[in-house]
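Asks: Chains as they are written, first to last, in UniProt numbering: chain S, 1 to 365; chain V, 1 to 365.
A single structure is presented below for examination.
Protein chains: 2
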Amino acid sequence: MDERVREHAEVLVDWSARVEAGDDVVVSVGPDAHELAVAVAEKLGERGANLCTTYSSGEIERAYLRAHDEEFDDGADHELALFENADVYLSLGGARNTSATADVPSETRQAQRRARQDVREARFDTRWVSTVHPTRSLAQQANMSYEEYQEFAYDAISRDWESLADEMGNLKELLDEGEEVRLVSSGTDLTMRIDDRTAVNSAASVAYDSHNLPSGEVFTAPYATDGTVTFDVPMTLNGETVRDVRLEFSDGEVVDHAAEQGADVVDEILETDDGASRLGELGIGMNRGIDRYTDNILFDEKMGDTVHLAVGRAYDACLPVGESGNESAVHVDMITDVSEDSRLEIDGEVVQRNGLFRWENGFSE
Amino acid sequence: MDERVREHAEVLVDWSARVEAGDDVVVSVGPDAHELAVAVAEKLGERGANLCTTYSSGEIERAYLRAHDEEFDDGADHELALFENADVYLSLGGARNTSATADVPSETRQAQRRARQDVREARFDTRWVSTVHPTRSLAQQANMSYEEYQEFAYDAISRDWESLADEMGNLKELLDEGEEVRLVSSGTDLTMRIDDRTAVNSAASVAYDSHNLPSGEVFTAPYATDGTVTFDVPMTLNGETVRDVRLEFSDGEVVDHAAEQGADVVDEILETDDGASRLGELGIGMNRGIDRYTDNILFDEKMGDTVHLAVGRAYDACLPVGESGNESAVHVDMITDVSEDSRLEIDGEVVQRNGLFRWENGFSE
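As structure tokens, this is what we get:
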């Protein structure tokens, strides 16, 4: 076995999920994530955790959903019970075809999503972590060879997380103390309120309220957004390429929008519900192991020198206890490059210019 | 998809497990059983059942068990809860390597087995069915090409189960009414008591207390065995080939034994515990779709023209309600060919001679 697979498993089990003896762990395995699952099982055996392995296949999901009449009862008590009794949930993504569910009607998907809300919530109540095994299908989606993609993915995953967490702590502190953020870049001049909000230092560990591996971003839940933003990093949304999306906000709400490509998909997303035209997240990518766009949001949104905003649902972790932020059935991240002609200000003070943070060498006010 | 895979799924879901709308179904998928899992998911979608898919990989099990210190706590509450809340459990075997766990110490395996007794019982409390997807590894174990093995397997699985169930009902009736069975064949003359015992018409359906697909055997739980039996169908037990095992019984217990090959494995099995040297099962194979030995007990024991006996644990379904039969940690089936120079008698009446049953053309008293 490739030593990098073992290292990935070790980071996931120890740093990310903080697995301990006696933990009841659910490991979800994608069809091409088998090798990572073997390495994770070894680590879980060493730690003395209890392992239950589930199988997550787009092809199985597609066959099931297309055959279903869409009358989902509130059942799945067995799956609910599984997660209600689990301490840890590790999702090892590894599709053979990232478009495997492309011809499932979105109504069916949404109907099942509604019926399984309780299962999803039970899963989020565990120490859950999502990661992916670098597969050929992900390499293809990234327009990369398999070997090249493996190197890319392991660079992103095998960070010195402890020291990145320390560095990201600087930004979290500034965001927690700040009241207003302003982002200025080519095609972008946007202000957002963040007072009372708590930033998450997303250091790829449940100990930091962070549930992705790789991670490496600091995010919060902004509101009262005003101005214009242009997302110049392309991405696939609902199966379509979307490029150069421009959103204009007034008093927190999108009042105008356009896109060079994929405008219809953006329309669709913004029209989902009321919350879909308000921001749910402002995130600052700080993982410099991720140096290129690979059309996979797990990696893209953490890329160094980028900032992303999501329309839709806000994360509870960013909100005052008991308060609910922007609510929506969607949470769609879009990304903008801030490596040039850009600055991020908090309460009028520049904290990042052209990708460099104020605590870094070469930063200029 | 091969139409035979769809048919396999349909038999499994409808005939075997009797799945209905709203059933909470756990489907366990072997690494090479993916295609069958897709077909099963389609059927479950059509029926409106709820699907939770688990992944059963020998390689994952091996990595986990070899890394474990053998101190299994009684945990795995999450897996227990999954099965306690399930209506149906479908196991789709499909290993890539049927020897994947060969180097797991048997003590570790046994320690885990003991710790997971409750999970196993919860699984047996569902409408459970075990089947296999015909894989290359099973073809190899059977000494067959892949295509040849597929044909073999689907012949065994795609029976007219309704009419086989009717036919097997004849034998069940004779066994239920009978008091003593005598089996005479080359190297075999054995008598067993069966009064008070109930035979299972194992017609590959939970509606018949039958949990294997394929099935096609009638079995009961004999006792007070006397005489000698020779098992001339070879098989792999605990990783070793075992051939021409001879057991001599007196008053229910093995008093002498020998084997042409693999005698040490037979020793080991018989010495497991007290119950391991008494019979737990007498089974008569009646699936004529299975016409050859493939070193897979799921198929071999149902082969037409064979009789098998198991040392070890008896099935509750064969015993008077509330009574416990032979108890043991093992249940090891061994098979004898009865196509020639053989007869099976119940209370002195010949019911099968040289493979032919008394209700068949050509049968001679």
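Ideal Cβ positions, reconstructed from N, Cα and C, are used throughout, including at glycine.
Determine whether the Cβ of V/R127 lies closer than 8 Å to any Cβ atom of chain S.
Replies: no
Asks: May I ask you to report which of helix, strand or coil DSSP gives V/S91?
Replies: In the structure shown, V/S91 sits in a strand (DSSP, three-state: E or B).
Asks: Quick check on the DSSP output: the alpha helix (DSSP H) that includes S/L12 runs from which residue to which?
Replies: In this chain, S/L12 is not harboured by any alpha helix (DSSP H), its DSSP state being neither H nor E.
Asks: Quick one, are the C-beta atoms of V/I269 and V/V332 less than 8 Å apart?
Replies: yes
Asks: Strictly below 7 Å CB to CB, what residues from chain V border residue 366 of chain S?
Replies: Since the first and last residues shown for chain S are 1 and 365, residue 366 of chain S lies out of range.
Asks: Please decide whether S/E81 counts as near chain V, where near means a Cβ-Cβ distance under 8 Å.
Replies: Looking at the sequence provided, one finds Ala at residue 81 of chain S rather than Glu. With 8 Å as the cut-off, S/A81 counts as an interface residue toward chain V.
Asks: In chain S, which residues lie with their C-beta within 7 Å of the C-beta of V/D77?
Replies: Here the neighbours are D24, N85.
Asks: Residues of chain S with CB under 8 Å from V/R66, in chain order?
Replies: E42, G45
Asks: With S/L237 as the anchor, note down where its beta strand (DSSP E) starts and where it stops.
Replies: 235-237
Asks: How close, in whole Å, do the beta carbons of V/E301 and V/I335 come, if the pair is a contact with beta carbons under 8 Å?
Replies: Their Cβ separation, rounded to whole angstroms, is 6 Å, which keeps V/E301 and V/I335 in contact under 8 Å.
Asks: Pull up the distance between the alpha-carbon of V/L183 and that of V/E71, whole angstroms please.
Replies: When rounded, the distance between both Cα atoms is 45 Å.
Asks: Nearest by alpha-carbon distance to V/E240: which of V/A39, V/V265, V/T126 is it?
Replies: Answer by Cα proximity: V/V265.
Asks: Which whole-angstrom value describes the C-beta separation of S/G93 and S/V38, a residue pair presumed to lie in contact below a C-beta threshold of 8 Å?
Replies: So it is not a contact: roughly 16 Å between Cβ atoms.
Asks: Do S/N326 and S/R278 have their C-beta atoms within less than 8 Å of each other?
Replies: yes
Asks: Residues of chain S with a CB under 9 Å from the CB of V/T131: which are they?
Replies: One finds nothing in chain S with a Cβ atom closer than 9 Å to the Cβ of V/T131; even the nearest lies about 16 Å away.
Asks: Flag S/Y55 as yes if its beta-carbon sits less than 8 Å from any beta-carbon of chain V, otherwise no.
Replies: Yes - at least one Cβ of chain V is within 8 Å of the one on S/Y55.
Asks: Smallest Cα separation from V/E232: which of V/V254, V/S106, V/Y293?
Replies: Looking at the sequence shown, residue 232 of chain V is not Glu but Asp. Minimum Cα-Cα distance from V/D232 among the listed residues V/V254, V/S106, V/Y293 corresponds to V/Y293.
Asks: From the DSSP output, in three-state form, read off S/I194 for me.
Replies: coil
Asks: Under a three-way DSSP split, which group does V/E365 fall into?
Replies: coil
Asks: Since S/E213 contacts S/S16 with CB under 8 Å, what's their CB separation in whole angstroms?
Replies: Just to set this straight, residue 213 of chain S is Leu in the shown sequence, not Glu. Contact between S/L213 and S/S16 holds, with the beta-carbon distance rounding to 5 Å and staying under 8 Å.
Asks: Nearest to S/E340 by CA position, among S/S328, S/G355, S/A329, S/V330, is which residue?
Replies: S/G355
Asks: Using beta carbons (cut-off 8 Å, strictly below), is S/P31 in contact with chain V?
Replies: yes
Asks: Where does V/D337 fall in DSSP's three states?
Replies: Assignment of V/D337 by DSSP, reduced to helix, strand and coil, places it in the strand class.
Asks: At which residues does the alpha helix (DSSP H) containing S/V266 begin and terminate?
Replies: 263-270
Asks: Less than 8 Å between CB atoms is the rule here; does V/L51 satisfy it with respect to chain S?
Replies: The beta carbon of V/L51 sits closer than 8 Å to some beta carbon of chain S.
Asks: Since S/T225 contacts S/C318 with CB under 8 Å, what's their CB separation in whole angstroms?
Replies: Contact flag wrong, Cβ pair sits at about 15 Å.
Asks: In this structure, how does DSSP classify V/S250 when only helix, strand and coil are distinguished?
Replies: strand
Asks: Suppose the cutoff is 7 Å on Cβ atoms and the five residues either side in sequence are ignored; what does the same chain contact list for S/L309 look like?
Replies: V229, L279, E281, L282, M334
Asks: What separation, rounded to the nearest whole angstrom, lies between the Cα atoms of V/N50 and V/F299?
Replies: 29 Å
Asks: So which residues on chain V does S/D73 lean against when the C-beta distance must stay under 9 Å?
Replies: Within 9 Å Cβ-Cβ: A21, G22, G48, N50.
Asks: Measuring straight from C-alpha to C-alpha, what distance separates residue 367 of chain V and S/E151?
Replies: The question about residue 367 of chain V has no answer, for chain V in this structure spans 1 to 365.
Asks: Got a sec, what are the start and stop residues for the alpha helix (DSSP H) V/E59 sits in?
Replies: 58-67
Asks: In three-state terms, what does DSSP make of V/R18?
Replies: If DSSP states are grouped into helix, strand and coil, V/R18 belongs with coil.
Asks: Between V/S185, V/R193, V/T188, V/G216, which has its C-alpha nearest V/V200's C-alpha?
Replies: V/G216
Asks: Can you tell me where the alpha helix (DSSP H) holding S/S137 begins and where it ends?
Replies: 136-141
Asks: To the nearest angstrom, how far is it from the Cα of V/K43 to the Cα of V/D69?
Replies: About 41 Å.
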